[in-house]
Structures are given as structure tokens and as C-alpha cells.
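If you use my numbering, the sequence shown closes out at 380, no skipped numbers anywhere.
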Amino acid sequence: MTEKREYTGDYPNKRLYLPGPTEVREDVINAMSQPMFGHRMDRMTDLYTTIVEDTKEFLDTDNDLTILTASGTEFWEATTLNLVEDSLLVPTSGAFSERQANVAERLGKNVDRIEYTWGEAVKPDDIKTALETADTQYDAVGMVMNETSTGVRNPVEEIGEIVSEYPDTYFIVDAISCLGGDYIDIEGSGIDAIFTSTQKAFAMPPGLAVCVVSDDAYEQELEKDSASWYGGFQRCLDYYDRKGQTHSTPAIPIMLAYRRQMKHMLEEGHQARDRRHREMAEYTQEWAKQHFDLFAEEGYRSQTVTCIENTQDIDVGQTIGQVSEKYDYVFSNGYGDIGEKTFRIGHMGEHDLESIKALTDAIEDVAGL
Ligand SMILES: Cc1ncc(COP(=O)(O)O)c(C=O)c1O
């Protein structure tokens, strides 16, 4: 059992290079300190309609969008309950895609996996074959766009084209660790539901999850008793249509922060954010190749998280600790089974080339590279 460890309030600030949570601008943090107001007041309608419509503008989508008080995990459950009657196809290639499959199984769905070795990307041809040879039509294909455990960016655009040939099969995309830092044409890629958490490339505090929902996905739920209550598309979207608010009490302070940060994101623009993230990723990948190796398959490397293969056998835990101690920068170890064999740098949100270089310099110093 974990013993109580008193929170002292006395901790040095660390610069976060994690694959989320990531750095949040100071004015965005400050935006949360407001006297509380009620979630049924007009002021709430102003706030919620602003953040929903600004996000649609940023993502350049005409689809419906909901912002819920939850972490992104909520939308693994909700999209499964809302869109999958019976069967779901899930390509698994790392910890998060495996968990997506597992969540659906726990909800009683029949899940067919296409299993890849960690570090490999999902191949569109495999999805095509699985859809062509399935005995019955899948209710949905569910996949992770950016596999945070391995640093792989999957080709969801090509896969979406394939899934679009099956009008009764929905396409569900977990874009949790990349949306906002890796451009995606949502409608153009035939995506029915795509979701993220605010603590990743949106660079906001954790606590809200965002999901973009196609008209077809919304319609699908109308007759469905098994749809999620909390994350039900209709419940969320109808409430928004009628009242411009959320169906239950949201985390208002985080929405205040969201409003502020989304203005910054709009100012920069989706494409420019994509370019900045690509630059950071290219720099980090080059650095990693110079000193170590890359874990993700070539041609499919993430714009927001680089997973580095620890070819020098450095003590990952110790290096992370020393960099934190000496520089107040925090990066991440590898995930699960590849914990010591890899480490990860999150270059997402508000980071830029300069801040990423500061981290790689610190790692070089501490690890004697
Ligand atoms: C790809 C992916 N999916 C799902 C999750 C879970 O997100 P959350 O912790 O916001 O529920 C994460 C978290 O890191 C993730 O990277």
C-alpha cells in the first residue's frame, strides 16, 4: 500500500519534456485564477461556446466537437460504446493501442487485433486485407495515430481512405499525443471520431478531453441504448446545441486556461504549429541518431514524441534524475517493457528548437556524450 506523503508545496519548478503533461504558458496558468462562477450562468455559455468554436476553427473542421471534463481515456470508452455494436478492428503496435483494444474487450466487444512488433507502424495494406477478408463487416476500426510508447506516427490518412470504402464501418482515431502538433485533415481523412487530451500538444493543464464527431457517428447513436451516458455524443452535442453548455458541471478553471491557450494556437495556426513540431522532431531525431538510435520505424516517426533506443546502455533512470537535479528539466523513460532500453523526449506544445536543444545539451553533459 502506498503510504501518505504529505504534499509540502515546496517543489522546484521543472521544465517538462514529457510526452505530456507539457509546458503551459504563464498567462494560461494565470487565466485559471478567477472567482468561481456557475456552470448554468450566461458567462459559462460565453466561455464554452468560445472554446468549442475556436477549436473547430483551429482544427479547420465543420464537424461537431465536444470538450469534456475527463482525461482522453474517457473517449476510448465513449467512442467504443457509442459506435461499436459488436466488433472492432484494432491494430496494436504499442502500449496505448493495446490498451485501446483492451478497453473495448472489457466493454464486451469482439476485438480483432492486427499485432505489430513495438516500434513498427500500422500498414494500410494490412487494414485493407483485414477489412476485405472479415466474415462480417466491422462496426469500427479504432487506432492510435501517435503511439506514445514507441514514437511511431501511424499513416491514419491512408488508412482513413481505406476505411471510407466501408460506409458502415466507423473510423475512430486516438490522436491524444499529437493533435495540435501534427496536422490532420479530419474530414478529408474520413475520420468519424478523433480525440485528444489537453495536456499534450494543446499545451494546457490536464483535465479536459476533446472529441470531434462526424455527422454519421452522431446519427449512429440516436437509436442506441448502449451509448455512453457521460461521453454520449448526442448528450454532449445536443446540450451544446440547446444551451451552449456541458451536460454536467465542468472543470471551469481549466476551461478558462483553454480559452486563453486556444487564442495563442489560433494566432499561430494549425499548419504553422505542424511545421514547428516537424522541425523539433527532425532536430531530435538527428541528435538521437548521432548518439543513439531511433526506436520507431523509419518513415513513421512522430512529430511530438521521439523514442530513443538506448544503444549506449546509459542508466536511463539515473540520467533523468541527474538532468532534473542539475538543470530542472524532466524527460521520460521508456514505457513498460522497453523502460530501460529506450527513453523519450516530448517535443510538443509550446517547445521550440531552442528549448529542445537546451535539453539535448543537458543530456550530453550529464551522460558524458
Ligand atoms: C496515445 C495515448 N492514448 C491515450 C492516452 C491516455 O490519455 P489520458 O491520460 O489523457 O487519459 C495517452 C496518454 O499518454 C496516450 O499517449
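Backbone N, C-alpha and C define an ideal beta-carbon position, used for all residues, glycine too.
Drop a sphere of 10 angstroms on the beta-carbon of T257, count the other beta-carbons inside from all chains shown, and report buried for 16 or more, exposed for fewer. With 16 or more other Cβ atoms within 10 Å, it is buried.
For E128, which of A106, A145, K139 has the nearest alpha-carbon? Strictly speaking, residue 128 in this sequence is Thr, with Glu absent from that position. The shortest C-alpha separation from T128 is found at A106.
Please report the straight-line C-alpha distance between G153 and T19, rounded to a whole angstrom. Taking the straight line joining both Cα atoms gives about 42 Å.
Segment limits, beta strand (DSSP E) that includes C247: Here C247 belongs to no beta strand (DSSP E); instead the alpha helix (DSSP H) covers 244 to 254.
With a cut-off of 8 Å, do at least 3 Cβ pairs link the segment 341 to 351 to the segment 178 to 188? These segments do not touch.
For D123, write down the residues that DSSP places opposite it in a beta bridge. Paired residues: L100.
Going by the CB atoms, is the gap between T147 and K115 shorter than 8 Å? Here residue 115 is Ala; the residue named in the question, Lys, does not match the sequence. No.
Assigned secondary structure, Y229 (DSSP; H/G/I helix, E/B strand, else coil): Of the three classes helix, strand and coil, the one that applies to Y229 here is helix, per DSSP.
Helix, strand or coil, according to DSSP, for I78 in the structure here? DSSP places I78 in the strand class (E or B) of the three-state scheme.
Measuring CB to CB, does S225 end up less than 8 Å from E88? Cβ distance not < 8 Å, so S225 and E88 don't count as in contact.
A112 beta carbon less than 8 Å from that of V122: If you check the CB distance, V122 and A112 come in under 8 Å.
Which runs of the beta strand (DSSP E) fall wholly inside the segment 270 to 308 and span at least 3 residues, in chain order? The segment 270 to 308 contains no whole beta strand (DSSP E) run of 3 or more residues.
If you drop the 5 nearest sequence neighbours on each side, which residues of the same chain put their C-beta closer than 8 Å to that of M215? For M215, where only same-chain residues beyond five positions count, the Cβ hits under 8 Å are V35, V39, T209, I265, A268, Y269, Q272.
Please tell me whether Q301 and T317 are closer than 8 Å, where the distance is taken between their beta carbons. No, the Cβ-Cβ distance between Q301 and T317 is not below 8 Å.
Using a Cβ-based criterion (distance less than 7 Å to any ligand heavy atom), does P30 qualify as near ligand 3? Ligand 3 is absent from the structure shown, which contains only ligand 1.
Less than 8 Å separating the beta-carbons of D195 and V221? For the sequence presented, residue 195 should be read as Ile rather than Asp. Cβ atoms of I195 and V221: not closer than 8 Å.
Are the Cβ atoms of A307 and L94 separated by less than 8 Å? In terms of Cβ geometry, A307 and L94 do not form a close pair [threshold 8 Å].
Report yes if the C-beta distance between H288 and H358 is below 8 Å; otherwise report no. Yes.
Can you tell me whether T207 is helix, strand or coil according to DSSP? Correct three-state label for T207: strand.
According to DSSP, is A378 part of a helix, a strand, or is it coil? Here A378 sits in helix by DSSP.
Bridge-paired residues (DSSP) for N344: DSSP output for N344 lists F354 as bridge partner(s).
Answer yes or no: do T315 and N165 have a C-beta to C-beta separation smaller than 8 Å? No, these two residues do not count as a Cβ contact at 8 Å.
Cβ neighbour criterion (16 or more within 10 Å) applied to K337: Exposed, by the Cβ-count rule.
Does any heavy atom of ligand 1 sit closer than 7 Å to the C-beta of S104? Flag unset: Cβ of S104 not near ligand 1.
Integer-rounded CB distance, given that V223 should sit under 8 Å from L99: In fact, because the Cβ distance is near 19 Å, the residues do not count as touching under 8 Å.
I want to check one thing, is the minimum distance from the CB of N121 to the heavy atoms of ligand 1 below 7 Å? Result no, Cβ not under 7 Å from ligand 1.
Sorted by chain position, which residues of the same chain lie with C-beta nearer than 8 Å to I374's C-beta, five sequence neighbours on each side aside? Within the same chain, I374 has close Cβ partners T330, V334, F342, L380.
Residue from N24, Q323, G192 whose Cα sits closest to the Cα of L276: Per the sequence presented here, residue 276 reads as Met, with Leu not at that position. Comparing C-alpha distances from M276 to each of N24, Q323, G192 shows the shortest one belongs to G192.
Rounding to the nearest angstrom, what Cα-Cα distance links S366 and C189 in this structure? When rounded, the distance between both Cα atoms is 19 Å.
Could you give the distance in angstroms between the alpha-carbon of S108 and the alpha-carbon of G218? Approximately 21 Å, taken between the alpha carbons.
Cβ shell of F244 (< 6 Å), same chain only, five flanking positions each side left out: For F244, where only same-chain residues beyond five positions count, the Cβ hits under 6 Å are N93, V224, Y229, E232.
Which same chain residues end up closer than 6 Å to K67 when comparing Cβ atoms and leaving out the 5 residues on each side of it in sequence? Contacts found: L76.
For D150 versus Y181, is the C-beta spacing smaller than 8 Å? Taking C-beta atoms as the reference points, D150 and Y181 count as a pair closer than 8 Å.
Look at the alpha carbon of T161 and the alpha carbon of R16, and state the distance between them as a whole number of angstroms. So the two alpha carbons sit approximately 32 Å from each other.
Length of the line joining the Cα atoms of T353 and E234: In this structure, the straight-line span from the alpha carbon of T353 to that of E234 is close to 46 Å.
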